[in-house]
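Notes follow once the structure below has been shown.
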Amino acid sequence: MRLFEAPPSSRAARCALGVLVAAVATLIRLVLEPVLLDQVPFAFHFAAVTAAAWIAGVQGGISAVLASAVLVDYVIVHPFPEYSPANHFYGELVFVAVGLALVWQVGRWRRAEQAVRESEARARAISESARRGEAEIASIYDSAPIGLCIFDRQGRFLRINKRLAEMNGPPPEAHIGRTFREVVPDIADQAEQLLRRVLETGEPAMNVEIRGELPSQPGIVRTWSEHWFPVRDETGAIVGVNVAVEEVTERKRVEEELREANQVKDDFLATLSHELRTPLNAILGWAQMLSRGELDQRLTHQAIEAIFRNAQAQNQLVTDVLDVSGMISGKLRLEIQEVDAVALLRQAIESMQPAADAKRLELRIVAGVEPAMIWADPGRLQQVMWNLLSNAVKFTEPGGCITARIARGPSTLDITVTDTGIGIRRDFLPRVFDRFSQAGGSTSREQSGLGLGLSIVRHLVELHGGTVCAMSEGEGRGSTFTVTLPVGVARPQGSPVA
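Sequential numbering from 578 applies to the sequence shown in the working numbering.
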């Protein structure tokens, strides 16, 4: 039992308390003198010494012993003749000896009690610190931006944070005690292999990629980057595995797109070099023969036509590259005016007729309405038509047919180019309007060109506020490209559109 949390702090106070306790005991003994007579003059002072030693420590206890001896001697023994001085002297010696022994023993009790109290305080502090630490760890564990979990040696979930539970689908409590084969069966084989590896080697498995599907989202293949660490007990034995999981599906997709874009860039540069060199070599070859005067009139005429044709091809390549550069930089401008789309389409067909004749292709135009007036940039709209027709001629086998149609709706104008050519693979359709792509039936470049024509078409159509789409039933089934433009309202002539 603790009467005070601590004894009086100053030495004087402790000594004074010991004297006070001795005085109280003497007063009580004096009051009871008629009853006790000469029996045990120190009857209450043993308790007083014990109390003083417990409350005021060793100094208070010794003060109580000495004060008790003096007070009993002068207050109780000397005033009463019935007390024997000799007997009192020996009794006083016994009291002092026993009192000092009590002080020493009580001091031991007090130190033991203080040690217990301090030990309890330390235990409470350690327990509170452990509780706070556990709460902090749990908070960090649950709020971590990556998935975290702990498996036992059998692959059962012992602990899992909210992030990983969100990845897997079931709530955290639904994981505990279940194996990963029960929760995520599609990746169980990979996880079990990693678990065996860590348990057998005792070494962590870092930056391991796992791919698979989740029961909550079937059909979607995801990628995770995982780190597996062994969990050991106090003896060093491995009792489980701690796993950190980060989903990298989107990052892998972006990396793959960057790799593809880099490959496309390399292919484009190689193709550009080849496509520019081919007409240039023809021009140089014919020019050298002309400069030597080795050609007759027929060959001279043929040389001039070849030079003109290859110069046009090279000019078209440069124009396409410059157009794409303007699109990327946002500097391409439209000069809007009211034009007849049918007239522009006829002009585009006339310009493509020689190329179509060379491949024995039939070019047809079907105009649902004529004239078909629309507000547009005539040069850029004709470029859209020419690119679509050029693409159809390029990818249509000899003897095929190409049909261009114009139809007008309530607020739109549709321009459709249909061919009987090699068609487009279904998996390629989403990329047919990408830069440097060729809308052929294979990924190899069997046809000349930079693969910019359809990309330019899409950008120019979108600048006009329209849309373009491609359709094909597959390889060898032909293709259909449809441009839909708003009829729009009149704009002042020369109005630029960014």
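C-beta atoms are modelled at their ideal positions from N, C-alpha and C, and glycine is treated no differently.
Contact under 9 angstroms by Cβ, residue i with residue j
| i | j | result |
| --- | --- | --- |
| Trp631 | Val683 | yes |
| Val642 | Phe672 | yes |
| Ala981 | Thr997 | no |
| Gly595 | Ala646 | no |
| Pro792 | Pro762 | yes |
| Ile989 | Leu1037 | In the sequence on display, residue 989 carries Thr and not Ile. Cβ atoms of Thr989 and Leu1037: not closer than 9 angstroms. |
| Thr995 | Ile979 | yes |
| Gly1000 | Glu939 | no |
| Ala590 | Ala633 | yes |
| Trp801 | Glu823 | yes |
| Leu1006 | Met950 | no |
| Leu911 | Asp954 | yes |
| Glu803 | Ala782 | yes |
| Glu743 | Phe757 | no |
| Gln767 | Gly789 | yes |
| Ala602 | Ser640 | no |
| Ile860 | Asn887 | yes |
| Leu607 | Val652 | yes |
| Leu725 | Arg740 | yes |
Through-space distance from residue j to residue i, alpha-carbon basis
| i | j | result |
| --- | --- | --- |
| Glu974 | Phe1058 | 17 angstroms |
| Glu750 | Lys842 | 50 angstroms |
| Val916 | Asp873 | 46 angstroms |
| Glu582 | Trp686 | The predicted model places Glu582 with a pLDDT of 45, which falls under 50 and marks its position as unreliable, so this point remains unresolved. |
| Arg699 | Val680 | 28 angstroms |
| Val961 | Ser1056 | 16 angstroms |
| Phe806 | Glu695 | 39 angstroms |
| Gly986 | Glu1050 | 26 angstroms |
| Gly779 | Arg773 | 10 angstroms |
| Arg688 | Val635 | 11 angstroms |
| Phe972 | Ala933 | 11 angstroms |
| Leu867 | Ala880 | 8 angstroms |
| Ala931 | Ser967 | The question names Ala, yet the displayed sequence has Pro at residue 931. The straight-line gap from Cα to Cα measures roughly 11 angstroms. |
| Arg1022 | Ala864 | Low confidence applies to Arg1022: its pLDDT is 44, below 50, so where it sits in the model is not reliable, and the reading given next is rough at best. Near 29 angstroms, if we compare the C-alpha coordinates of Ala864 and Arg1022. |
| Ile797 | Ile717 | 30 angstroms |
| Thr1020 | Leu909 | Only weak support is given to the placement of Thr1020: the predicted model assigns it a pLDDT of 37, under 50, and the value that follows is read from those uncertain coordinates. So the two alpha carbons sit approximately 30 angstroms from each other. |
| Glu711 | Arg809 | 18 angstroms |
| Ser704 | Glu697 | 10 angstroms |
| Arg708 | Phe619 | 53 angstroms |
| Gly907 | Gly1042 | 15 angstroms |
| Gly1017 | Val785 | In this predicted model, Gly1017 has a pLDDT of only 43, less than 50, meaning its place in the structure is not dependable; the value taken from the coordinates is given anyway. Answer to the nearest angstrom: the Cα atoms are 38 angstroms apart. |
| Leu597 | Ala644 | 9 angstroms |
| Val1064 | Leu853 | 38 angstroms |
| Ala944 | Glu927 | 15 angstroms |
| Arg869 | Arg1002 | 50 angstroms |
| Glu1039 | Val1009 | 16 angstroms |
| Phe885 | Asn892 | 10 angstroms |
Residue closest to residue i, alpha-carbon to alpha-carbon, out of the options
| i | options | result |
| --- | --- | --- |
| Arg799 | Asp810, Ile787, Val808 | Ile787 |
| Glu599 | Ile942, Phe623, Glu669, Ser587 | Glu is not the amino acid found at residue 599; the sequence shown has Ala there. It is Phe623. |
| Ser720 | Asn738, Ser1032, Arg923, Gly813 | Asn738 |
| Thr855 | Ala880, Asp844, Ala890 | Ala890 |
| Asp650 | Glu669, Val808, Ile639, Leu725 | Glu669 |
| Gly956 | Asp1011, Arg809, Ile913 | Ile913 |
| Asn964 | Arg606, Glu711, Val1045, Leu909 | Val1045 |
| Ile942 | Ala707, Arg701, Ala925, Gln691 | Ala925 |
| Val825 | Pro722, Ala864, Pro781 | Pro722 |
| Gly638 | Arg606, Gln691, Val652, Ala674 | Ala674 |
| Arg736 | Gln767, Phe619, Gly754 | Gly754 |
| Asp1011 | Arg1002, Leu1029, Gly870, Leu857 | Leu1029 |
| Gln959 | Glu832, Met929, Leu609 | Met929 |
| Val946 | Ala602, Gly976, Val970, Asp991 | Asp991 |
| Val970 | Pro948, Arg1002, Arg937 | Arg937 |
| Leu894 | Leu861, Arg923, Leu846 | Leu846 |
| Gly728 | Val831, Ala715, Leu771, Arg701 | According to the sequence displayed, residue 728 carries Phe and not Gly. Checked all of Val831, Ala715, Leu771, Arg701; the closest Cα to Phe728 is Leu771. |
| Ala935 | Gly977, Thr896, Glu1039 | Gly977 |
| Thr627 | Lys829, Glu834, Ala715, Gly676 | Gly676 |
### Query
Residue ranges of each beta strand (DSSP E) run of no fewer than 3 residues wholly in the segment 815 to 886, ordered along the chain?
815 to 824, all fully within the segment 815 to 886.
### Query
Counting pairs of beta carbons, one from the segment 813 to 832 and one from the segment 721 to 738, are three or more of them closer than 8 angstroms?
Touching, yes, given that three or more Cβ pairs across the two stretches are closer than 8 angstroms.
### Query
Mind pulling the alpha helix (DSSP H) runs of 4 or more residues that sit fully within the segment 950 to 981?
Counting whole runs of 4 or more residues, the segment 950 to 981 contains the alpha helix (DSSP H) stretches 955 to 971.
#### Entry: Cβ contact check for the segment 911 to 926 and the segment 860 to 878: 3 or more pairs under 8 angstroms
No: fewer than three Cβ pairs fall under 8 angstroms.
### Task
Taking only runs that begin and end inside the segment 709 to 765, name each unbroken alpha helix (DSSP H) of 4 or more residues, in chain order.
With a minimum length of 4 residues, the continuous alpha helix (DSSP H) runs that stay inside the segment 709 to 765 are 739 to 745, 749 to 752, 757 to 760.
### Query
Given 8 angstroms as the limit, is there contact between the segment 894 to 902 and the segment 1028 to 1035, that is, 3 or more CB pairs closer than that?
By the Cβ test, the segment 894 to 902 is in contact with the segment 1028 to 1035, since at least three Cβ pairs between them sit closer than 8 angstroms.
### Message
Please give the ranges of any beta strand (DSSP E) in the segment 889 to 950, keeping only runs that are unbroken, at least 3 residues long and fully inside the region.
### Response
Complete beta strand (DSSP E) runs here, min 3: 911 to 917, 939 to 944.
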